[in-house]
Every structure is written in C-alpha cells, then in structure tokens.
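The next block holds one structure in the form of structure tokens; read it before the comments.
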Amino acid sequence: MTAGVSIELKGIAKTYAGGVQALKPTDLAVARGETLVFLGPSGCGKTTCLRLIAGLEMPDPNGSLSFDGEDVTRTEIEDRNVGMVFQSYALFPNMSVAENIGYGLKVRKIAPAERDRRVREMLALCGIEALSERAIDQLSGGQRQRVALARAVAIRPRVLLLDEPLTALDAALRERLRGELDQLLRSLGITSIYVTHDQAEAMALGDRIVVMRQGAIAQIGAPRDIYFRPASRFVAEFVGAANVLSGEVRDGSLHLEGGKLALAGTGVGHDRSLMVMLRPESIRLIAPDQAVWRGRISAVSFLGDRQRVTVTGAAAQPVTVEPGNDLELAIGDLVGLDPAPGSLVVIPKETDSA
Amino acid sequence: MRRRLPFMLALSLTLLTAMFLVVPALMSMLAGVTSVYARGISSGLTTEWIIEVWRLYADTIWRSILIALLTLLATLLIGVPVAYAFVVNPSRFTRILDEIMTLPLAVPGLAVALAMLQLYGGFTDFRRSSLFIVAGHVVFTLPFMVRAVAATLSAVDIRTLEEGAASLGARPLRRFLDIVVPAAMPGILAGSLMVVTLSIGEFNLTWMLHTPLTKTLPVGLADSYASMRLEIASAYTLVFFIMIMPLLIAMQIAARANAGKEALP
Amino acid sequence: MKSRRLFAITCLVPAVLVVTAFFVIPAVMLLFIGAGKGPDGEAGLWRYLAVLTTERYRSAMVSTVILSLLVTAVTLVIGGISGVFLARNRFAGRGILVACLTFPLAFPGVVVGFMVIMLAGRLGLIASISVALGGDRLVFAYSMAGLFLGYLYFSIPRVLLTVMGVAEKLDGRLIEAARSLGAGPWAVQRDIVLPALAPAFVAAGSICFATSMGAFGTAFTLATRIDVLPMVIYQEFTESANIAMAAALSVMLGLVAWLILALARLNGGSSVAAAG
Numbered sequence: 001m002t003a004g005v006s007i008e009l010k011g012i013a014k015t016y017a018g019g020v021q022a023l024k025p026t027d028l029a030v031a032r033g034e035t036l037v038f039l040g041p042s043g044c045g046k047t048t049c050l051r052l053i054a055g056l057e058m059p060d061p062n063g064s065l066s067f068d069g070e071d072v073t074r075t076e077i078e079d080r081n082v083g084m085v086f087q088s089y090a091l092f093p094n095m096s097v098a099e100n101i102g103y104g105l106k107v108r109k110i111a112p113a114e115r116d117r118r119v120r121e122m123l124a125l126c127g128i129e130a131l132s133e134r135a136i137d138q139l140s141g142g143q144r145q146r147v148a149l150a151r152a153v154a155i156r157p158r159v160l161l162l163d164e165p166l167t168a169l170d171a172a173l174r175e176r177l178r179g180e181l182d183q184l185l186r187s188l189g190i191t192s193i194y195v196t197h198d199q200a201e202a203m204a205l206g207d208r209i210v211v212m213r214q215g216a217i218a219q220i221g222a223p224r225d226i227y228f229r230p231a232s233r234f235v236a237e238f239v240g241a242a243n244v245l246s247g248e249v250r251d252g253s254l255h256l257e258g259g260k261l262a263l264a265g266t267g268v269g270h271d272r273s274l275m276v277m278l279r280p281e282s283i284r285l286i287a288p289d290q291a292v293w294r295g296r297i298s299a300v301s302f303l304g305d306r307q308r309v310t311v312t313g314a315a316a317q318p319v320t321v322e323p324g325n326d327l328e329l330a331i332g333d334l335v336g337l338d339p340a341p342g343s344l345v346v347i348p349k350e351t352d353s354a
Numbered sequence: 355m356r357r358r359l360p361f362m363l364a365l366s367l368t369l370l371t372a373m374f375l376v377v378p379a380l381m382s383m384l385a386g387v388t389s390v391y392a393r394g395i396s397s398g399l400t401t402e403w404i405i406e407v408w409r410l411y412a413d414t415i416w417r418s419i420l421i422a423l424l425t426l427l428a429t430l431l432i433g434v435p436v437a438y439a440f441v442v443n444p445s446r447f448t449r450i451l452d453e454i455m456t457l458p459l460a461v462p463g464l465a466v467a468l469a470m471l472q473l474y475g476g477f478t479d480f481r482r483s484s485l486f487i488v489a490g491h492v493v494f495t496l497p498f499m500v501r502a503v504a505a506t507l508s509a510v511d512i513r514t515l516e517e518g519a520a521s522l523g524a525r526p527l528r529r530f531l532d533i534v535v536p537a538a539m540p541g542i543l544a545g546s547l548m549v550v551t552l553s554i555g556e557f558n559l560t561w562m563l564h565t566p567l568t569k570t571l572p573v574g575l576a577d578s579y580a581s582m583r584l585e586i587a588s589a590y591t592l593v594f595f596i597m598i599m600p601l602l603i604a605m606q607i608a609a610r611a612n613a614g615k616e617a618l619p
Numbered sequence: 620m621k622s623r624r625l626f627a628i629t630c631l632v633p634a635v636l637v638v639t640a641f642f643v644i645p646a647v648m649l650l651f652i653g654a655g656k657g658p659d660g661e662a663g664l665w666r667y668l669a670v671l672t673t674e675r676y677r678s679a680m681v682s683t684v685i686l687s688l689l690v691t692a693v694t695l696v697i698g699g700i701s702g703v704f705l706a707r708n709r710f711a712g713r714g715i716l717v718a719c720l721t722f723p724l725a726f727p728g729v730v731v732g733f734m735v736i737m738l739a740g741r742l743g744l745i746a747s748i749s750v751a752l753g754g755d756r757l758v759f760a761y762s763m764a765g766l767f768l769g770y771l772y773f774s775i776p777r778v779l780l781t782v783m784g785v786a787e788k789l790d791g792r793l794i795e796a797a798r799s800l801g802a803g804p805w806a807v808q809r810d811i812v813l814p815a816l817a818p819a820f821v822a823a824g825s826i827c828f829a830t831s832m833g834a835f836g837t838a839f840t841l842a843t844r845i846d847v848l849p850m851v852i853y854q855e856f857t858e859s860a861n862i863a864m865a866a867a868l869s870v871m872l873g874l875v876a877w878l879i880l881a882l883a884r885l886n887g888g889s890s891v892a893a894a895g
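Residue numbers (the working numbering), protein chains in the order written: chain V, 1 to 354; chain C, 355 to 619; chain Z, 620 to 895.
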C-alpha cells in the first residue's frame with residue numbers, strides 16, 4: 001500500500017476569533033510512514049493541530065504546512081487527500097456500510113467495478129465483510145470504528161488522521177481495538193497522526209509521542225523517552241504515575257524527610273536543591289533496617305495484579321509505591337524504600353511555573 | 355390512595371376540555387349532512403349540501419391546494435439552505451436574519467398583509483395572481499420550515515458529518531446534496547407538513563391579499579359563514595376537515611417517528 | 620473550512636432576498652405610511668400615539684389586552700393541568716383523548732369562529748339546551764364572551780402540546796427523589812413539576828398572548844362590531860379608507876406582540892413548536 005508523505009509544520013499557529021490562541025507557533029516534522037501521537041489533556045491544542053493538518057481549520061498567516069515538500073497551507077480539505085477518522089466516526093446515516101466506504105471513491109469518479117473491488121478489499125482488511133449491506137444504526141460502537149477507518153483508508157490518503165477514535169468505546173473493547181489498529185497502521189505503513197488523551201494508547205501506538213500543553217509542545221520523543229526521561233514535571237505527571245520529590249543536595253545525595261537518595265550517575269552535583277522523579281513501580285519495599293530511606297504506610301489498595309501503597313514521612317509529599325500482590329502490608333508499618341538503579345530522573349527546573 | 359382525588363379532578367377537567375373542543379366540530383359535521391339543521395337529524399341526512407359546496411366553492415379548494423404546494427416548494431428551496439447555514443456557520447448576521455424571519459409570526463398577519471398591499475398594490479398583474487398570496491404564505495411559513503430543519507441538523511451534528519464528507523473529497527454543493535439534505539429529511543418532512551397545513555388554513559393574511567378571482571378555501575369559508583345558510587357553511591367546514599385531517603395525522607406520525615429515533619442511543 | 624463558509628453564505632441569499640422583498644421593505648414602508656398624510660391631510664408621528672390618546676383606539680387596545688390576558692391565564696391553567704395529567708398518566712383511551720385535544724391545532728381563526736357559532740350561536744348547543752330547560756334562548760357567540768371562547772378553543776391545543784412535551788421529558792427520577800425525601804403529591808407538583816415547567820409556561824403563554832392580540836379571523840366570523848384592535852384596524856382600512864391610521868395601529872399592535880415574545884424569550888422561554 002501507499003507509504004504516505006512526510007509532513008512539515010513551520011511556525012503553524014491558530015488564534016480563534018475571540019483572540020484565544022489555541023496553538024502557539026509550532027514547528028514539527030513527521031517522517032514518511034511514521035505514526036505520530038499527539039497526547040495531552042483537553043484544551044492543550046492537540047485536536048486543533050490535527051484539524052490544521054487536515055485542512056478543517058486555516059492557520060494564522062505566516063505559518064506553512066507541507067506534504068512531501070508541497071505547500072498545502074491554503075489547500076482546502078477536499079483537495080488534500082487526507083483520510084480522517086472522527087471521534088464520533090461521522091458515518092453517513094443515509095448510506096450503508098459499503099456506500100460509506102465507497103463514498104470517497106464515488107466522489108473521485110472511480111468506475112463502479114473498481115470501486116466495488118476496493119470497497120471489498122477494505123471490508124476484508126478491517127474484518128467487516130459481513131456488515132457490507134448494514135445500515136449505520138445497526139452497528140455496534142466497535143463496528144462503527146472499523147467502518148470509519150475503512151472509509152478513511154479506502155481513498156488511499158496521503159496522511160491518515162485519527163481524532164480520539166477509541167474514546168467512544170468501553171474499556172475492554174478499546175484495548176482490543178487498540179491492538180488491531182496498531183497492526184493495521186503498521187501493515188499499511190501509512191503516515192498517521194493520532195490524537196488521544198489516553199497515555200496508554202499513545203504508548204502502544206506511537207512511533208513518537210508529542211506531549212502537548214496549553215497550545216504548545218511540551219516534549220517530543222519515542223514512548224520510552226517520554227516515560228523514562230520526561231522533560232518537565234508536567235510530562236512526568238501526565239504520562240504515567242510519578243512521584244516528584246524535591247530536596248537538598250549534600251555530599252552527592254538528595255536529602256529528603258525520610259532519608260537520602262544517592263545521585264550517582266545522574267550527572268548532577270552542583271545544584272543546592274533538586275527535583276527528581278521516581279515511578280511507583282520502580283521503588284522496592286524492603287525492611288526498614290536495611291534502608292537509607294524510610295517512611296510509614298498510610299494507605300494500601302489491593303488492585304489485583306499489584307498493590308498501591310501510600311507512604312508518608314519519606315518525603316514532603318506522600319510517596320506512592322506499587323509493589324507486587326504477594327506482600328502482606330498493613331497501615332502503620334514502617335518500611336524502607338529502595339529505588340531501582342537508574343530509575344531516579346532529575347527534572348529540569350521549569351522556566352514557566354504554571 | 356391519596357392520588358385518587360387529584361387524578362379524578364384532572365381527568366374531569368381534561369374530559370370537559372376535550373368535549374369543548376370536539377362537540378362543536380361534531381355538530382358542524384353533522385349539520386353539513388342534515389337536511390334542515392333547525393329541525394334536527396329527524397329531517398333526514400343528505401349529501402345535497404356537500405354537492406352544493408362543491409358547485410360553489412370547488413375552485414377555492416383547488417386554489418388552496420395549488421397555493422400550498424407552491425408555498426411548500428418555495429419554503430423548501432429557500433428554507434433548507436438557510437437552516438443549513440444557520441447551523442454550520444452561525445454569526446451575528448444569521449442571528450439577525452433569524453430574528454427578522456421569525457418576526458412575521460409575532461406581528462399580526464393583518465399588519466404584514468397591509469404592508470405588502472401598500473408596496474405591491476400597484477403591480478397589478480402580480481397583485482391579481484395567486485402568486486401574491488403565495489408570497490405572503492412564504493413569509494409566514496418560512497420560519498416553521500427553517501426551525502424544523504435546523505433542529506434536525508443540530509441534532510445529528512451535521513458539522514462533523516460534513517467534515518467527514520469533505521475529508522473524502524466532496525465539495526460543498528455535493529456535500530449539501532449527498533449528506534446534508536438526507537440528514538435533514540425528518541425535519542424537512544415535519545416542516546413540509548407544517549407549511550402545507552398552515553398554508554391551507556391561513557386566513558389573516560389571505561383575506562387582505564385575495565381578490566375576487568383568487569379566493570382560497572378559508573376565504574370561501576368566511577364568505578359562506580357570512581352569507582350562506584348554516585348547512586352549507588357546515589358542509590364546507592366538513593370538506594375542510596376532511597382535507598386537513600390526513601395532514602394532521604401525518605404530522606403526528608412524523609413527530610412520533612422523530613421522537614422514536616431520538617430515543618435510540 | 621473556507622469552502623463551507625462561502626457556500627453557507629450563498630445559502631442565505633434567497634432567504635435574504637425574499638424576506639427583504641416581501642417583509643422588510645413592506646414593513647418599513649408601513650412605518651412611513653403610519654407617519655404620512657392621512658385622509659385628513661395631516662402627517663406626523665402623532666398617529667402612533669393615537670392608540671393611547673384617541674378614546675376609540677385606546678378602549679380597543681385595552682379590551683384587546685384584557686381579553687388576551689384572560690385567555691392566556693385560563694388557557695395556561697387548563698392546558699397546564701391537562702398537559703401534566705396526560706404526560707404523567709397512562710390509561711385506556713388516552714391516545715384518543717390526546718387526539719381530541721390537539722386536532723383543532725390547524726384550524727384557522729374563521730373556522731374557530733364557526734365552532735363558537737355552533738356552540739353559542741342562534742342555532743347553537745347552548746341555545747338549544749337553554750330553551751330545552753325552559754329558559755330564554757342563550758346566545759352570546761357574537762360578543763366579547765364568544766370571542767373569549769373562540770380564543771380558548773384556538774389556544775388550548777397549542778399550550779397543551781407544549782406542556783405535554785416538556786412534562787414528558789421531565790426526569791422521573793427527580794420526582795422519585797422528592798418522594799423518597801418525604802414529599803407528598805401536592806408538594807411534588809409545587810416543588811418539582813411546576814418549576815421544571817416554568818419555561819414552557821412562559822413560552823406557551825407568551826405565544827398564546829401574542830396570537831390572541833393579533834387574531835383576526837375569529838372576530839371576523841363572529842361579528843365586525845367586536846371592538847378588538849385587529850377589527851378596528853380592518854375597519855379603518857376598508858370602511859374609513861384611513862390607510863395611514865390602519866398602518867400606525869398595525870405597527871403598534873405588532874410592536875406589542877413582538878415585545879411580549881421578546882420579553883418571554885429573555886426570561887428563558889425559548890421558541891415553542893407551533894405559533895401562528
């Protein structure tokens with residue numbers, strides 16, 4: 001199938017009529033065939049960014065957008081040849097499944113025989129051959145999602161744009177379709193841009209993740225980068241659970257209320273105070289007499305596959321730890337905390353304190 | 355049970371009200387097929403009055419149907435695009451236009467008719483044709499079409515549906531015909547029934563706008579109420595009921611079908 | 620999407636043309652005619668104040684307003700009680716009852732006038748009953764009372780439908796919650812149902828008032844001598860050929876009706892299904 005195009009945004013910004021700047025001037029390059037995920041809380045500008053790339057919104061003057069070097073900044077969406085999957089799917093209720101999938105081909109005046117062939121190919125690709133003649137209101141949420149995807153891919157778009165395509169589904173189905181979607185995107189090899197507020201979805205699907213906040217890019221990187229080396233406290237806390245701890249640096253260690261953490265290997269030593277991040281799953285609970293960092297358990301929730309334990313007294317704020325489900329823990333127990341080697345991440349001081 | 359008393363009171367009031375509405379209508383239907391109403395049914399049932407009505411007023415009935423259909427055509431061609439524009443591209447201008455378009459509902463028909471007469475009274479050919487009445491009916495019924503269609507379009511999130519069609523390469527006119535009009539169909543149907551019903555029954559404007567050669571059904575009715583015997587007036591009213599009843603029933607069915615659709619997830 | 624904006628703007632053009640040609644320009648012209656030369660050769664804005672200053676017009680305006688207020692109040696009480704009742708109860712024959720209560724919805728004013736004649740005219744039901752009971756022949760169709768009956772006939776179906784529509788959407792759980800907190804049936808009506816219906820009442824009431832103000836067909840059928848404002852305007856126009864006065868009175872009548880609707884809308888009573 002097609003591999004799609006590379007995309008380049010240069011100084012693309014969007015200010016709405018009311019003067020609200022939904023997207024600050026942004027530069028971004030998407031490689032051919034890459035799956036890029038925009039991740040962020042609602043109102044962060046991720047959907048605006050997607051709609052700008054789609055051509056549903058026009059950017060402020062001075063920005064430029066190109067597909068494979070061809071300037072498409074002022075091209076209307078109907079001429080951009082982009083496939084789009086909407087959060088609500090936007091399936092046409094007056095058309096059957098097959099007619100929905102074939103609509104883009106009909107608009108392109110592709111001969112009926114060829115159109116039929118490609119619709120059947122899409123139905124097969126998405127595993128919905130049996131639904132071909134169904135009306136849209138007879139479909140389940142998951143089936144609608146597949147039809148929407150088939151319809152977008154049928155036109156052999158230069159870019160596939162997906163706006164929270166799994167958000168409308170319940171949790172179990174979402175997880176299953178996420179796997180299918182991942183396989184499909186990889187097999188098509190098409191350049192895809194995916195918007196979501198769900199960090200697990202972003203991790204699972206993205207070659208790279210763009211974390212957005214307040215109309216600007218907070219960090220771009222591969223899922224592992226984003227998770228293990230967050231560039232800011234915001235990214236650390238938005239992507240996964242995080243303990244962000246502040247303390248004094250003395251003798252190569254970070255001093256906290258309940259003890260100290262060795263800073264060896266983190267490459268810092270001169271700052272007087274420091275902010276670090278520790279993921280809950282990377283802290284081991286050990287006997288207090290073997291530990292240099294201690295606290296008292298104030299809450300335990302058994303989650304089935306693991307437990308979530310809140311430890312107070314270890315740092316200024318309570319520290320969350322997620323040990324395995326085999327430890328017997330009780331509120332009030334004194335425990336030692338042992339971060340896994342290399343799990344301590346220094347968070348850069350934020351220029352903007354928001 | 356404590357609910358009994360309020361229930362019975364409300365039921366009695368409702369039944370009384372229903373009788374107030376239904377009894378005169380039934381009486382008039384009966385009068386329309388009674389030989390001599392003053393002497394009661396014992397004078398015998400007859401179709402002679404209905405035949406007489408047909409002889410005297412058939413032209414008003416045909417004209418009313420024609421005017422209603424022309425009004426419908428105009429409100430469809432004008433109203434559906436406006437409703438679409440109101441929903442997808444609202445602005446200060448569309449709000450003002452909406453306000454102006456609904457004004458003929460608030461302003462008495464008499465005033466609207468008076469105003470139209472002053473401006474177009476001099477254009478004799480237009481003034482004398484049924485099209486003059488159609489123009490009045492369009493002004494009066496257009497807001498009903500626009501509202502019905504706009505309500506349907508807002509309910510189906512037409513903006514996103516249209517964005518879907520645009521992403522597949524369809525241009526504006528094509529999107530309008532392929533996506534917007536089918537999506538608006540329930541509203542178009544409800545609005546059409548409303549427009550036809552209103553146009554067939556419209557009197558306030560029409561009385562002022564009509565000429566002796568462009569009498570409509572309600573104008574003829576007023577004429578018969580003023581100058582014909584009660585039996586003929588009743589028979590004519592009966593004909594009107596028969597014409598309007600299918601429209602009312604269709605409106606009910608359409609409303610129920612729409613309500614049913616909204617109830618689905 | 621720029622293409623959509625352009626297309627949407629194009630979609631407005633026919634409506635703008637038609638509304639301008641057949642409503643806006645005529646209406647503006649009417650404003651000028653109202654202030655222009657009348658049969659008396661005088662011009663001026665004073666005619667707009669004649670509704671207040673000239674005895675005949677003032678009394679017509681006052682009786683029209685009082686009549687409309689009365690009709691609105693009675694219609695709201697009847698339509699409110701029956702509407703809530705029909706929305707909240709299911710019983711055999713309910714469908715037929717609803718049909719009986721709503722079928723006059725599409726009757727023009729003239730037909731409604733005729734219904735009043737059937738009820739309270741010389742050969743009407745009330746006259747026959749009063750004679751049968753040994754009394755005088757009771758005839759009041761051709762008076763203000765007849766008009767009142769006619770406007771009720773006209774308004775009840777509309778108000779009832781509006782109230783029923785809102786009452787059916789009323790969240791039953793609210794009522795269950797109130798009951799669980801110990802509220803009796805009257806308290807439920809007062810504290811839950813009425814407040815929820817208030818916007819529908821405002822909307823339906825304002826439309827009822829505005830249509831009663833402007834209604835013409837019913838009065839026309841019953842008698843030309845009932846002095847409500849629309850009839851007075853009609854007489855000025857046809858009998859006195861005083862087009863200027865007819866125009867000025869029409870404008871004032873339209874203004875009052877529009878003001879009532881606008882006020883109601885500001886107070887949360889948004890548009891209602893059927894007017895006219």
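Think of the CB as a built atom: it goes at the ideal place given N, C-alpha and C, for glycine as much as any other residue.
Query: CB contact check: Ala-520 of chain C to chain V, cutoff 7 Å; Result: yes
Query: Pairwise C-alpha distance: Ala-822 of chain Z and Leu-882 of chain Z; Result: 10 Å
Query: Own chain, CB closer than 6 Å to Leu-592 of chain C, minus 5 neighbours either side, in chain order; Result: Met-383 and Gly-386
Query: Rounded separation between Asn-558 of chain C and Thr-672 of chain Z - CA only; Result: 27 Å
Query: Through-space distance from Asp-170 of chain V to Ala-150 of chain V, alpha-carbon basis; Result: 21 Å
Query: Met-355 of chain C - DSSP class collapsed to helix/strand/coil; Result: In this predicted model, Met-355 of chain C has a pLDDT of only 45, less than 50, meaning its place in the structure is not dependable enough to derive any value.
Query: In DSSP terms, what Val-82 of chain V is bridged to; Result: V:Val-159
Query: Test: Ser-622 of chain Z CB closer than 7 Å to a CB of chain C; Result: yes
Query: Helix, strand or coil at Lys-24 of chain V [DSSP, three-state]; Result: strand
Query: Chain-ordered chain B contacts of Tyr-772 of chain Z [CB-CB under 9 Å]; Result: The structure shown contains no chain B; its protein chains are V, C and Z.
Query: Whether Trp-403 of chain C touches Ile-598 of chain C by CB criterion (7 Å); Result: no
Query: Lys-10 of chain V - DSSP class collapsed to helix/strand/coil; Result: strand
Query: Proximity test, Cβ basis, 7 Å: Thr-781 of chain Z and chain C; Result: no
Query: Neighbourhood of Val-85 of chain V by C-beta, 6 Å cutoff - its chain only, sequence neighbours within 5 removed; Result: Ala-148, Leu-149, Ala-152, Leu-162 and Pro-165
Query: Beta carbon of Pro-339 of chain V nearer than 7 Å to that of Leu-285 of chain V; Result: no
Query: Touch test, the stretch 563 to 571 of chain C against the stretch 513 to 524 of chain C, Cβ-Cβ under 8 Å, three pairs minimum; Result: no
Query: Assigned exposure category for Lys-14 of chain V - 16 Cβ within 10 Å defines buried; Result: buried
Query: Beta-carbon contacts of Glu-201 of chain V that lie in its chain and below 7 Å, excluding the five residues immediately before and after; Result: Leu-166 and Arg-178
Query: Counted within 10 angstroms of its Cβ, other Cβ atoms place Leu-885 of chain Z as buried (16 or more) or exposed; Result: exposed
Query: Residue interval of the beta strand (DSSP E) (run including Ile-355 of chain V); Result: The question about residue 355 of chain V has no answer here: the residues shown for chain V are numbered 1 through 354.
Query: Exposure of Pro-723 of chain Z, with buried meaning 16 or more beta-carbon neighbours within 10 Å; Result: buried
Query: Within 7 Å of chain C by C-beta, residues of the stretch 90 to 116 of chain V in sequence order; Result: Ala-90, Phe-92, Pro-93, Asn-94, Tyr-103, Gly-104, Val-107 and Arg-108
Query: Three-state secondary structure (DSSP) of Ser-42 of chain V; Result: coil
Query: Simplified DSSP state of Arg-134 of chain V, which is helix, strand or coil; Result: coil
Query: Where Leu-56 of chain V falls, given that 16 or more other Cβ within 10 Å makes a residue buried; Result: buried
Query: As assigned by DSSP and simplified to three states, the class of Pro-633 of chain Z; Result: helix
Query: Unbroken alpha helix (DSSP H) run spanning Pro-223 of chain V, endpoints; Result: 223 to 228
Query: Coarse secondary structure for Asn-100 of chain V, derived from DSSP in three states; Result: helix
Query: Neighbour flag for Ser-363 of chain V against chain C, beta carbons, 7 Å; Result: Past the edges of chain V, shown from 1 to 354, lies residue 363 of chain V, and the structure says nothing about it.
Query: Anticipated Cβ contact below 8 Å, Thr-691 of chain Z with Gly-873 of chain Z, distance rounded; Result: Thr-691 of chain Z to Gly-873 of chain Z, Cβ: 18 Å. No contact.
Query: Contacting residues, own chain, Cβ-Cβ under 8 Å from Met-734 of chain Z (five flanking each side not counted); Result: Pro-723, Phe-726, Gly-769 and Tyr-772
Query: Near-chain C residues of the stretch 53 to 78 of chain V - C-beta to any C-beta below 7 Å; Result: Ala-54, Leu-56, Ile-77 and Glu-78
Query: Any chain V beta carbon closer than 7 Å to Thr-591 of chain C; Result: no
Query: Contact with chain Z by Ile-415 of chain C, beta-carbon distance below 7 Å; Result: no
Query: Minimum Cβ-Cβ distance from Met-84 of chain V to chain C less than 7 Å; Result: yes
Query: Element boundaries [beta strand (DSSP E), containing Pro-339 of chain V]; Result: 334 to 339
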